[in-house]
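A.B. asks: Protein chains in written order, with this note's numbering: chain L, 31 to 684; chain H, 73 to 274; chain E, 163 to 262.
First the structure, which I've put down as structure tokens, then a few questions once you've had a look.
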Amino acid sequence: MLDLIWLIPLLPFIGFLINALYTGRIADAHARERTAGYVAVGAVGAAFIVAVLAFVQLGQLPEEARLHQVVLWTWIATGSLNVPFGLLLDPLAGVMLLLVTGVGLLIHIYSIGYMHGDKRVARYFAYLNLFITMMLFLVMGNNLLLLFLGWEGVGLCSFLLIGYWYEKRSASGAAVKAFVVNRIGDAAILLAMMAIFFYFGTLNFFTTTVNGIEYPGFIEEANRIVGVTVGIPGQTFLVGTLISLLLLIGVTGKSAQLPLFVWLPDAMAGPTPVSALIHAATMVTAGVYLIARTHTIFTPTTLAIVTWVGALTAIIAATAAIAQWDIKRVLAYSTVSQLGFMVAAAGMGIYVAAIFHLLTHGVFKALLFLGSGSVIHGTHETQDMRRMGGLREHMPTTFWTYLIGALSLAGIVPLAGFWSKDEIIAHAWKHQGDVGYLLPVFFILLFASALTAFYMGRQLALVFWGKQRDHHYHAHESPSVMTIPLIILAGLTVLAGGLNLPGSHWLTDWLHPVLHEEAAQFSIGVAVFATLLAVGSGYLGWWLYAVKFANKITVDGKDPLYHWTGDIWDSMAAAWYFDALYNRTIVPAYRSVAGFFATVFDPQGIDGIVNGVGRLFGRASNGARTLQNGFVRTYALAFFLGVVVIIGYLITAL
Amino acid sequence: MSFELVIFLVTAAIALTGGVGMIVARNTVHSALFLLLNFFAIAVLFLLLHSPFLFAIQLTIYAGAIMVLFLFVVMLLGVESIEDRTKDRLAGQLWLSVVLTLILMVQAITITLLAEPVESQAHNTALLDQLADPALIGAKLFTTYLLPFQITGVILLVGIVGVVVLHQRAHLYGPLSETEREFAAQYVAERATSGQPAEPAS
Amino acid sequence: MVETSYYILLSASLFTLGILGVLVRRNAIVVFMSVELMLNAANLAFVAFARQQGNIDGQVLVFFVITVAAAEVAVGLALLVTIFRNKQTADVDAISQLHG
């Protein structure tokens, strides 16, 4: 079974091919929609089954043997660069695999209901399957280049799916924005890749055997660059710091961290299942996965920066999430914030906690997004929370599952979010003596998690409590094809904490061969304090919007808290004006450069060269044309001249 | 100076005279006659070179058939003095040609002088007399040079066909005769009155 | 016995005269005659070399040249007649439609 892991990415790819090449040609709309859905779900479902079997088999191996690589073919072989097209399965890839295929499967099923009636549904499912394929390449690639292929592939699918409703200008704009912002990070990853190849001579993660030849892996040989510096005399940098900083830039792009997080809130223009799958559960966590995968080359300097990036992202996004009206934007900023938690955890060196939070977050944030999709679906494409209210009675299943997700996100015992988030915060508290910055980071993260509870309480109150404020629609519960995935995800949310409970710490043990970490010690004091804080601020958020100011919320009105906070509220709503900053500084400069190229350099420079060459040859041939004067005797003379010259040359050779 | 050399020099002078005369003569008929003189001289030179068969062929085919053809065409078209009517439009063609020709001549002399002497059979009169037998040429033609010989036959056939076709084309696409004109006009008129488009019958 | 080189020089002179005729004369028939002159010059050289080599192949080649020349003259003159019918002239400079 372990040698068949190439089936896992292949199956969704086959689904993609069928939906892309065949399904779109079915004439009957109903048959087309049904076929597309079944093919896509079947492909991902089969991949999930294979993944589970492979995972189980991996678990049966002795701990030190839990690294299986399958080299399919030599991908690139030029000079000293030898990149195999190889897949790897180890405990870290295994848990990611289950998350991607498992949550992906549920979201595929949900999509059948959510996308019902859409006229381009075959294309939607084709993109979704391609995304799963690429995500699996990202997770399973046994070298950095294959990981990068997946990294770019998921970026492409993200672009295609954000802009899925491309008739909407906001959707196509958001797609372009996501793509362009991600390019910045991708360029850094490319540079990091070149640097790694330069210093290690390989892009493989682990030692790989291709055709009997062993190629080393840079993860295992990370100590080769310890102490190696580069730079001008007087100012040198550690190579490890530079490479890991470049990787960090890539992470900030893909995982929506400061300062490149601006694309993720806009990415909500895509279909809601896409937001759940790509922009909450899987793709955006790729950065955390990348850090965990390559953690051996991260130096203390970079780790400090990683921690600060994560912590600041967590607090900034959390404050921004408070002030949003769009149900999906709240979740988007919440995702950015939670990714900040993961990145901060990775920065603090607790990769298991980062992966743990990644997994639980993947489950409950997918649940929340799908729940919000269900709300949007049931309220006839309403996304503004001011137009909702009182949906608790109309959509009971959605409400209960959403409540579980929200409580989990808020960090309420005993749901999954509590355990994973607590591990991060507790670590910062207990190790505050190790490095100076851990204490401020602890307080930042604690405050961010309190804000998380607050905005989830606010959202619950706005959506499900009170009275329906806009009566232009008749709210109804979603079909069972949508609610069943919600129920399953809610169940997983309840149970997922069990992955790494303080007593059993299964995940820590499972990931030990990769991350070599000891189980974290549970701190009852921090846990109780954090829970009380979460309950308190969550209740405050709910109470303010469901009880105290319930009557002050009006359609298109101001937030009740705006009265006391004013400009601060505006700043939070605009995510502290990062977008405005970029729009004022980078975008105009970029635009003017692009404008210069479009209106001056291209027509006059490039076209000028091309047209100039054409004109030159036109003139030259006009001149050469007159040589062809039609008089046979001239031709004969030229011919004769040639004869004389050649004979002359032959005479000299005599 | 041997007798043979004297004959060679005289014949060579006649041949050159014929060549120069052909180029210089204004009247095309005169050109043709000068060329004829040249052919005769070359025929004599063939005889001097111990090849009586070529002497005969030169006289019958060149001096006989080909020259007659030339004269026939000249007389048929009446182009005896075509160049006298117009001035040469290609400026510089004349002196460039002369210069290049002189260079070529110099080159020819140089090559002849520079050539290394090779073993010559020219003195072996007995062998040359033996080779003068036309039967040997015939034998060569039908053994060693059989394929070129066949090809030559094909070329002659193609030449015949080509001439006939050229004549046919000239006939086909030449100006219509008066009868043909009348027929065409009548055809178009009939079509016009019957309301059908005036298409040429296939 | 006359040296082969004499014949070659004579042949070269005749050939050069032929070239001159082709390049200078505009009457298509004279141009044709000049070509014939060049062919004859070549024939002369062939026979002279054949004598020097003491074999008969040179003479056989001359036979071929004469035969093909006969065909060439026939076709060439037919072309000339056709052109003359269309152009009413045998001036080679008059046939210069194929210019760039």
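Beta carbons are placed, not taken as given, at the ideal position from N, Cα and C, and that holds for glycine.
Of the residues L:Gly441, L:Leu519 and L:Arg614, which one's Cα is nearest the Cα of L:Val556?
C.D. replies: As a working note, residue 556 of chain L is residue 526 in the first sequence. Answer by Cα proximity: L:Gly441.
A.B. asks: With a threshold of 9 Å between beta carbons, is L:Leu667 in contact with chain H?
C.D. replies: Along the first sequence, read from residue 1 onward, the residue named residue 667 of chain L stands at position 637. Judged by the 9 Å Cβ criterion, L:Leu667 is in contact with chain H.
A.B. asks: Output, in chain order, the set of chain L residues within a Cβ distance shorter than 8 Å of E:Asp253.
C.D. replies: What you label residue 253 of chain E is simply residue 91 of the third sequence in a count that begins at 1. Correct list: empty, because the minimum Cβ distance to chain L is about 11 Å.
A.B. asks: The alpha helix (DSSP H) with E:Tyr169 in it runs from where to where?
C.D. replies: Residue mapping note: residue 169 of chain E aligns to position 7 of the third sequence, counting from 1. Element bounds for E:Tyr169: Thr166 to Val186.
A.B. asks: According to DSSP, which residues form a beta bridge with L:Pro114?
C.D. replies: Within the first sequence, the letter at position 84 stands for residue 114 of chain L. For L:Pro114, which the question treats as bridged, DSSP gives the partners L:Thr104.
A.B. asks: Does any CB atom of chain L fall closer than 9 Å to the CB of E:Gln259?
C.D. replies: Residue mapping note: residue 259 of chain E aligns to position 97 of the third sequence, counting from 1. Output row for E:Gln259: interface = yes.
A.B. asks: Go to L:Val240, then tell me how far its beta strand (DSSP E) extends in each direction, as first and last residue.
C.D. replies: Position 210 of the first sequence, counted from the first residue, corresponds to residue 240 of chain L. From DSSP, the beta strand (DSSP E) with L:Val240 extends over Thr238 to Val240.
A.B. asks: Listing by chain order, which chain H residues have their CB less than 8 Å from the CB of L:Tyr674?
C.D. replies: Residue mapping note: residue 674 of chain L aligns to position 644 of the first sequence, counting from 1. One detail in the question is off: residue 674 of chain L reads as Val in this sequence, not Tyr. Neighbours of L:Val674 on chain H, chain order: Leu172, Ile175, Leu176 and Gln179.
A.B. asks: With DSSP as the reference, label L:Tyr503 as helix, strand or coil.
C.D. replies: Taking the first sequence and counting its residues from 1, the one referred to as residue 503 of chain L is at position 473. Coil, per DSSP.
A.B. asks: My output table needs one value for E:Asn217: the three-state DSSP class, helix, strand or coil.
C.D. replies: Position 55 of the third sequence, counting from 1, holds the residue named residue 217 of chain E. It is coil, neither helix nor strand.
A.B. asks: Is L:Asn659 close to chain E, meaning its C-beta is less than 9 Å from at least one C-beta of that chain?
C.D. replies: The count along the first sequence starts at 1 and reaches residue 659 of chain L at position 629. Answer yes: the Cβ-Cβ gap between L:Asn659 and chain E drops below 9 Å somewhere.
A.B. asks: Answer yes or no: does any C-beta atom of chain E fall closer than 9 Å to that of H:Ala128?
C.D. replies: The residue you call residue 128 of chain H lines up with position 56 of the second sequence. No, H:Ala128 does not count as interfacial toward chain E.
A.B. asks: Please check the pair L:Glu251 and L:Phe230, which I expect to be a contact at CB under 8 Å, by giving their CB distance rounded to whole angstroms.
C.D. replies: Here the question's residue 251 of chain L lines up with position 221 in the first sequence. Here the question's residue 230 of chain L lines up with position 200 in the first sequence. Confirmed, Cβ separation roughly 6 Å.
A.B. asks: Taking the CB atoms as reference points, tell me whether L:His502 and L:Arg417 lie closer together than 9 Å.
C.D. replies: Locating residue 502 of chain L in the first sequence gives position 472, counting from the first residue. Locating residue 417 of chain L in the first sequence gives position 387, counting from the first residue. A contact, by the Cβ cut-off of 9 Å.
A.B. asks: Do the stretch 255-265 of chain L and the stretch 150-164 of chain L touch if we need at least three Cβ pairs shorter than 8 Å?
C.D. replies: no
A.B. asks: Can a CB atom of chain E be found closer than 9 Å to the CB of H:Leu217?
C.D. replies: Within the second sequence, numbered from 1, the residue matching residue 217 of chain H stands at position 145. A quick correction: the sequence has Tyr, not Leu, at residue 217 of chain H. H:Tyr217 counts as touching chain E.
A.B. asks: Which residues mark the beginning and the end of the alpha helix (DSSP H) in which L:Tyr229 is found?
C.D. replies: The sequence position of residue 229 of chain L within the first sequence is 199, counting from 1. It spans Arg199 to Phe230 - the alpha helix (DSSP H) in which L:Tyr229 sits, taken as one unbroken run.
A.B. asks: Specify, as a first and last residue, the run of the beta strand (DSSP E) that L:Tyr245 falls within.
C.D. replies: If you number the first sequence from 1, residue 245 of chain L lands on position 215. Here the beta strand (DSSP E) through L:Tyr245 covers Ile243 to Tyr245.
A.B. asks: At a cut of 8 Å, does the stretch 620-631 of chain L reach the stretch 365-373 of chain L through at least three beta carbon pairs?
C.D. replies: no
A.B. asks: Residues of the stretch 233-246 of chain E with a CB closer than 8 Å to any CB of chain H: list them in chain order, please.
C.D. replies: Ala233, Glu234, Val235, Ala236, Val237, Leu239, Ala240, Leu241, Leu242, Val243, Thr244 and Phe246
A.B. asks: Nearest by alpha-carbon distance to H:Ala104: which of H:Ala113, H:Gly93 and H:Ile114 is it?
C.D. replies: Residue mapping note: residue 104 of chain H aligns to position 32 of the second sequence, counting from 1. The shortest Cα separation from H:Ala104 among H:Ala113, H:Gly93 and H:Ile114 belongs to H:Gly93.
A.B. asks: Go ahead and label E:Val254 buried or exposed: buried means 16 or more other beta carbons lie within 10 angstroms of its beta carbon, across all protein chains shown.
C.D. replies: Taking the first residue of the third sequence as position 1, residue 254 of chain E is located at position 92. Classification for E:Val254: buried.
A.B. asks: Determine whether the Cβ of E:Ile188 lies closer than 9 Å to any Cβ atom of chain L.
C.D. replies: Locating residue 188 of chain E in the third sequence gives position 26, counting from the first residue. The residue asked about is misnamed: residue 188 of chain E is Arg in this sequence, not Ile. So, interface residue.
A.B. asks: Determine whether the beta carbon atoms of L:Gly300 and L:Ala204 lie at a separation below 9 Å.
C.D. replies: One-based indexing of the first sequence puts residue 300 of chain L at position 270. One-based indexing of the first sequence puts residue 204 of chain L at position 174. Yes, these two residues count as a Cβ contact at 9 Å.
A.B. asks: I'd like to check one pair, L:Phe494 with L:Phe429: are the Cβ atoms closer than 9 Å?
C.D. replies: One-based indexing of the first sequence puts residue 429 of chain L at position 399. One-based indexing of the first sequence puts residue 494 of chain L at position 464. Yes, these two residues count as a Cβ contact at 9 Å.
A.B. asks: Assess contact between the stretch 423-438 of chain L and the stretch 519-527 of chain L, defined as three or more Cβ pairs (one per stretch) separated by less than 8 Å. Is contact present?
C.D. replies: The stretch 423-438 of chain L is in contact with the stretch 519-527 of chain L.
A.B. asks: Taking the alpha-carbon positions, what's the L:Gly587 to L:Ala576 distance?
C.D. replies: Residue 587 of chain L sits at position 557 when you count from the first residue of the first sequence. Residue 576 of chain L sits at position 546 when you count from the first residue of the first sequence. Going by the C-alpha atoms only, they are around 16 Å apart.
A.B. asks: Assuming H:His195 and E:Met163 are in contact, meaning their beta carbons sit under 8 Å apart, how far apart are those beta carbons, in whole angstroms?
C.D. replies: Counting from one through the second sequence, the residue named residue 195 of chain H turns up at place 123. Counting from one through the third sequence, the residue named residue 163 of chain E turns up at place 1. 6 Å between Cβ atoms; contact.
A.B. asks: Can you name, in chain order, every residue of its own chain whose Cβ lies under 8 Å from the Cβ of E:Ala204, other than the five neighbours on each side?
C.D. replies: Against the third sequence, residue 204 of chain E aligns to sequence position 42. So the qualifying residues of the chain are Ser173, Phe177 and Val227.
A.B. asks: Determine, for H:Tyr259, whether the minimum Cβ-Cβ distance to residues of chain E falls below 9 Å.
C.D. replies: Indexing the second sequence from 1 puts residue 259 of chain H at position 187. With 9 Å as the cut-off, H:Tyr259 does not count as an interface residue toward chain E.
A.B. asks: Give the single residue among L:Ile352, L:Phe661 and L:Ala683 whose Cα lies nearest to the Cα of E:Ile257.
C.D. replies: Here residue 257 of chain E refers to the residue found at position 95 when the third sequence is read from its first residue. Taking only the C-alpha atoms, the option nearest E:Ile257 is L:Phe661.
A.B. asks: Do you know offhand how far H:Gly231's Cα is from H:Leu218's?
C.D. replies: Here the question's residue 231 of chain H lines up with position 159 in the second sequence. Here the question's residue 218 of chain H lines up with position 146 in the second sequence. Cα to Cα, the separation comes out at about 20 Å.
A.B. asks: With a 10 Å radius around its C-beta and 16 neighbouring C-beta atoms as the bar for buried, classify L:Thr365 as buried or exposed.
C.D. replies: Along the first sequence, read from residue 1 onward, the residue named residue 365 of chain L stands at position 335. Classification of L:Thr365: buried, given that the 10 Å Cβ count is 16 or more.
A.B. asks: Which residues in the same chain as L:Leu88 place their Cβ atom closer than 8 Å to its Cβ, once the five residues preceding and following it in sequence are excluded?
C.D. replies: The count along the first sequence starts at 1 and reaches residue 88 of chain L at position 58. Within the same chain, L:Leu88 has close Cβ partners Leu32, Arg96, His98, Leu119, Asp120, Pro121 and Gly124.
A.B. asks: Which stretch, first to last residue, makes up the alpha helix (DSSP H) that contains L:Gln90?
C.D. replies: Residue numbering aside, residue 90 of chain L sits at position 60 when the first sequence is read from its first letter. Per DSSP, L:Gln90 belongs to the alpha helix (DSSP H) from Ala59 to Gln90.
A.B. asks: Does L:Arg655 have its Cβ less than 9 Å from a Cβ in chain H?
C.D. replies: Counted from its first residue, the first sequence places residue 655 of chain L at position 625. L:Arg655 does not count as touching chain H.
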